[in-house]
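Q: In the working numbering, the protein residues as written are 1306 to 1687.
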Ligand code: FES
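(1) Is it a yes or a no for the region 1566-1577 touching the region 1626-1633, going by three-plus beta-carbon pairs under 8 Å?
(2) Could you tell me whether the Cβ atoms of residue 1665 and residue 1602 are closer together than 8 Å?
(3) Identify whether residue 1659 lies in helix, strand or coil by the three-state DSSP scheme.
(4) Give the DSSP bridge partners of residue 1602, in chain order.
(5) Indicate the three-state DSSP secondary structure (helix, strand or coil) for residue 1679 in the structure shown.
(6) For residue 1590, which of helix, strand or coil comes out of DSSP?
(7) Among all the DSSP beta bridges, which residues are the ones paired with residue 1653?
(8) Three-state secondary structure (DSSP) at residue 1634?
(9) Check whether the Cβ of residue 1633 lies closer than 7 Å to any heavy atom of the ligand FES, and answer yes or no.
(10) In whole angstroms, give me the CA-to-CA distance for residue 1323 and residue 1460.
(11) Please tell me whether, using a cut-off of 7 Å, the distance from the CB of residue 1540 to the nearest non-hydrogen atom of the ligand FES is below it.
(12) Going by the C-beta, is residue 1644 closer than 7 Å to any heavy atom of the ligand FES?
(13) If distances are taken between C-alpha atoms only, which option among 1588, 1553, 1581, 1367 comes closest to residue 1565?
(14) Would residue 1662 and residue 1568 be called neighbours here (beta carbons separated by less than 8 Å)?
(15) Can you grab the Cα-Cα spacing for the pair residue 1640 / residue 1586, in whole Å?
(16) Is any non-hydrogen atom of the ligand FES found closer than 7 Å to the C-beta of residue 1639, if you look at the structure I gave you?
(17) Does the ligand FES have even one heavy atom less than 7 Å from the beta-carbon of residue 1613?
(18) Pick helix, strand or coil for residue 1620, following the three-state DSSP scheme.
(19) Would you kindly check if the distance between the Cβ of residue 1670 and the Cβ of residue 1652 is under 8 Å?
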């Protein structure tokens, strides 16, 4: 063992670690580049003797380190939870030979507080872009063959992640290009399209037999249905007609005719030998004043030809009734004298009414060939 007074700082630290029963000295070599931040002036760093560290001997320094170690064991839990970097300022990067005793102690404590696995510090920090070298260095186990269980730096973690993962497609085209060969290689095929539902399929194509049956069924239904409908409609119409006929039967025929009796004016108005034709159109009668068998009288001649029933006309100039149908001619007194008419014109009954007017009754007729013109009802004497 070298002389304690002539030991360098590194040797002192090694001796401290050995005495603490620490781990691998080679793995825990402090590095100036990655020295943990030294804690702030800790009371425990103060030597128990009250001397300044610069005035302490090596034995005192070692005793102080052991006391610090013992005291730290008690407060390890609280100290471990507290972030070291936040509590202590970052120690200046110095060579060990230039460090003071306090700095050496702080470095020793920081080294002690680290996990046992050395986790080879990134003594030569490389830029993040060079991920490969960092990835190679970080996951490597320590010299003892153990895997690093301590915290790794961010660059190492990213490098390991990038190494373990494949780069994904950055665009849709690239994804399609990469997915198509992969799918073909794997033997996968495009899933078939879902089939159409039944209600969307045309019935005629999918079920021809049923459509024929449906067609014939509908045809039969239409024929018989229409026949039934026609029958029912016909029956209803027939019943309606029967009902109307029965109603008509319940009401007897009514012949609406002009009254059989009508007045034609006063007899003194009609002059001798005058034929009044104004009642021919309405009542079918001529009122004539003429002598018949030596008697001046007024009578009513029926304006119906005795041949075939045509209506003769009075010809004032010829003083005769002339039938336009076959040319039969009648005198003013109604006797036929030419044409096919077989007999004279007929007379209606004529009387003097209560008011003194001539009243014609068409319900009674008088024929000359039967001698009825002598009936007083067939004329009014003047
Ligand atoms: Fe009058 Fe024949 S109908 S002449």
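By construction, the Cβ of each residue, glycine as well, lies at the ideal position given by its N, Cα and C atoms.
A: On the basis of the data shown:
(1) no
(2) As a working note, residue 1665 is residue 360 in the chain shown. As a working note, residue 1602 is residue 297 in the chain shown. No, Cβ-Cβ distance for residue 1665 and residue 1602 is not below 8 Å.
(3) Locating residue 1659 in the chain shown gives position 354, counting from the first residue. Residue 1659 falls in the coil class under three-state DSSP.
(4) As a first step, residue 1602 must be located in the chain shown, where it is residue number 297. According to DSSP, residue 1602 bridges with 1595, 1686.
(5) As a working note, residue 1679 is residue 374 in the chain shown. Helix at residue 1679.
(6) As a first step, residue 1590 must be located in the chain shown, where it is residue number 285. If DSSP states are grouped into helix, strand and coil, residue 1590 belongs with the strands.
(7) As a first step, residue 1653 must be located in the chain shown, where it is residue number 348. 1605, 1670.
(8) Here residue 1634 refers to the residue found at position 329 of the chain shown. Here residue 1634 sits in strand by DSSP.
(9) Start at 1 with the first residue of the chain shown, and residue 1633 comes out as number 328. Yes, the ligand FES has a heavy atom inside 7 Å of this Cβ.
(10) Your numbering for residue 1323 matches position 18 in the chain shown. Your numbering for residue 1460 matches position 155 in the chain shown. Going from the Cα of residue 1323 to the Cα of residue 1460 covers about 33 Å.
(11) Locating residue 1540 in the chain shown gives position 235, counting from the first residue. No, the Cβ of residue 1540 stays beyond 7 Å of every heavy atom of the ligand FES.
(12) For the purposes of this step, residue 1644 is taken as residue 339 along the chain shown, with counting starting at 1. True, at least one ligand heavy atom lies under 7 Å from that Cβ.
(13) One-based indexing of the chain shown puts residue 1565 at position 260. Looking at the Cα atoms, 1588 is the closest of the given residues.
(14) The residue given as residue 1662 occupies position 357 in the chain shown. The residue given as residue 1568 occupies position 263 in the chain shown. In this structure, residue 1568 lies closer than 8 Å to residue 1662 by Cβ.
(15) As a first step, residue 1640 is located in the chain shown; it is residue number 335 there, counting from the start. As a first step, residue 1586 is located in the chain shown; it is residue number 281 there, counting from the start. Taking the straight line joining both Cα atoms gives about 22 Å.
(16) The count along the chain shown starts at 1 and reaches residue 1639 at position 334. Result no, Cβ not under 7 Å from the ligand FES.
(17) The count along the chain shown starts at 1 and reaches residue 1613 at position 308. For the ligand FES, at least one heavy atom lies less than 7 Å from the Cβ of residue 1613.
(18) Reading the chain shown from its first residue, position 315 is the one you call residue 1620. The answer is strand: DSSP assigns residue 1620 an E or B state.
(19) Position 347 of the chain shown, counted from the first residue, corresponds to residue 1652. Position 365 of the chain shown, counted from the first residue, corresponds to residue 1670. Yes; because the gap between Cβ atoms is below 8 Å, this pair is in contact.
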